[in-house]
Structure formats: C-alpha cells, structure tokens
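Scroll down for the structure; my scribbles are underneath it.
Residue numbers (this note's numbering): 410 to 651.
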C-alpha cells in the first residue's frame with residue numbers, strides 16, 4: 410500500500426497500529442483476571458470488554474492521526490518541497506484518525522462507566538505515553554544525528570516533525586495518566602524563619618563598660634553605680650528630721 414507507506418514514512422506511527430492488538434489482548438486478560446478477586450475494585454464492572462474495545466479504537470485513531478499530522482508538519486517545515494502527494498497523504502491520515510477518536514470520545518465513552526472504573530483508561534493512556542515518548546526519543550536521536558552530519562533541511566525536518574508530534578502524544582497521555590492516578594504536585598520547601606539573634610550586638614548583648622545606659626543621667630561611674638561623691642544618701646547621714 411503506497412499510501413500507507415508514505416503516511417508512516419517519517420513518523421513511525423505504524424508502531425501504534427502494530428501494538429494495539431497486543432494492548433487489547435493483554436489488557437483484557439489482566440482486567441478480567443483482576444475482576445475475579447473478591448476485593449477487586451473491578452469486581453462489579455461489567456463493561457471491561459466494551460471499554461477496552463473503545464480504547465483500542467482510540468489507539469488505532471491515534472496511529473493514523475499522528476502519522477498524518479507528522480506528514481503534514483513535515484510538508485510545512487520543508488517549505489512545501491516534500492510534494493503535494495505527501496500533503497494529501499498526511500491530510501488523509503489525519504482525517505482518518507480524528508474521526509474514530511472523536512466518535513469514541515464524544516458518542517460512545519460517555520455511555521459507559523469509564524469515570525467510575527478507570528483501569529481501562531489508565532492502561533490505554535499508559536500505552537500511548539510509553540510508545541509516544543519512546544518514538545519521540547528515537548526521533549530526537551535521529552534529529553541530533555542529522556544535525557551533526559549537516560544533512561539538508563529537507564531531510565532534517567522529517568525527524569523534527571516526528572519529534573514534535575510524538576512528544577505531544579506521549580506527554581499529553583502521561584499527564585492524563587497522572588491525573589487518573591492521582592499524582593500530587595511536588596512540595597515546595599518552606600522558607601527558613603528569621604534568626605532571633607539578629608539585631609543584637611555581638612558579645613552576648615550587654616552594653617560596653619564605661620558608658621552610661623540610655624535613660625540614666627550623666628555622672629554615673631561605669632554606667633551602673635551611684636553618683637560619685639555622695640553615696641546616694643542625703644548629707645550628714647541618717648534621715649532628715651521631720
């Protein structure tokens with residue numbers, strides 16, 4: 410099929426298509442086996458097969474849409490040098506992928522209990538996140554290699570378009586999976602409280618010897634004793650006669 414080969418030539422989007430049957434088989438076996446446990450949260454879920462089939466259709470749609478979008482982006486980044494046939498193939502794949510994604514997300518999934526039982530959704534998003542990030546890293550490796558080799562932009566832009574599309578698919582799915590798995594934001598460290606020793610003079614906080622404390626009259630010896638020459642009592646000793 411020349412059209413399919415051209416569609417997936419620069420995006421490796423066919424790996425989503427090839428991995429979808431494995432996802433369906435493994436997920437169905439795991440969830441049905443898990444539902445047989447007496448304490449399983451999926452014990453009363455009677456829509457396991459239905460939801461897995463719907464997410465299988467979403468993965469098929471993502472495979473065509475990602476390949477088509479990567480091809481369209483490659484056509485744009487290359488300055489339309491990839492040819493009109495490349496653009497047509499990309500648009501066809503993009504439309505063929507968006508249609509099942511929209512139909513499942515808007516029409517069919519709301520009829521299921523996917524909000525109450527989220528294991529099927531988490532497995533689907535985990536599959537898309539793993540494959541998306543893997544393909545993005547592969548495209549990044551190819552992009553860096555082509556840049557080091559100083560290859561023409563018409564070739565380098567192919568890897569760049571794949572990197573943008575599959576990084577978007579991978580990280581969007583990863584954040585959706587994190588939201589369904591109730592991950593938490595990192596805790597920021599609290600600022601340190603100010604030290605209580607700030608503002609006090611060095612050496613223990615006592616005033617220097619030889620200076621009168623603030624508020625006392627001049628003439629005190631050393632700043633603490635009574636006034637010099639009087640001892641602090643009236644002249645002559647004793648008390649004044651009444």
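Positions of the beta carbon are idealized from the N, C-alpha and C atoms, including for glycine. Remember, it's a predicted structure, so these values are computed and weren't measured experimentally.
- Item | Coil, strand or helix - residue 534 by DSSP | It is helical.
- Using 8 Å as the threshold, is the segment 447–457 in touch with the segment 526–533, meaning 3 or more CB pairs across them? The segment 447–457 is in contact with the segment 526–533.
- Less than 8 Å separating the beta-carbons of residue 491 and residue 483? With respect to residue 483, residue 491 sits close: the two C-beta atoms are nearer than 8 Å.
- Looking at the structure shown, is residue 446 part of a helix, part of a strand, or coil, going by DSSP? Three-state DSSP puts residue 446 in coil, outside helix and strand.
- Message: On a Cα-Cα basis, can you pick out the residue from 478, 507, 519 that is closest to residue 574?
- Response: Of the residues 478, 507, 519, the one whose Cα lies closest to the Cα of residue 574 is 478.
- Task: Give me the Cα-Cα distance between residue 450 and residue 443, rounded to the nearest whole angstrom.
- Result: Rounded to the nearest angstrom, the two C-alpha atoms are 9 Å apart.
- Query: For residue 520, which option in 434, 578, 463 has the closest C-alpha, if you only look at C-alpha atoms?
  - Reply: Closest by alpha carbon: 463.
- For residue 589, I'd like the list of residues in its chain whose CB is within less than 8 Å of its CB, leaving aside the five on either flank, ordered along the chain. Here residue 589 has 527, 530, 531, 534 as same chain residues with Cβ atoms under 8 Å from its own Cβ, once five neighbours each way along the sequence are excluded.
- Message: Is it the case that the segment 546–563 contacts the segment 494–501, given that we only count it when at least three CB pairs across the two stretches are under 8 Å?
- Response: No, the segment 494–501 is not in contact with the segment 546–563.
- Express the C-alpha separation of residue 585 and residue 579 in angstroms, rounding to a whole number. Near 10 Å, if we compare the C-alpha coordinates of residue 585 and residue 579.
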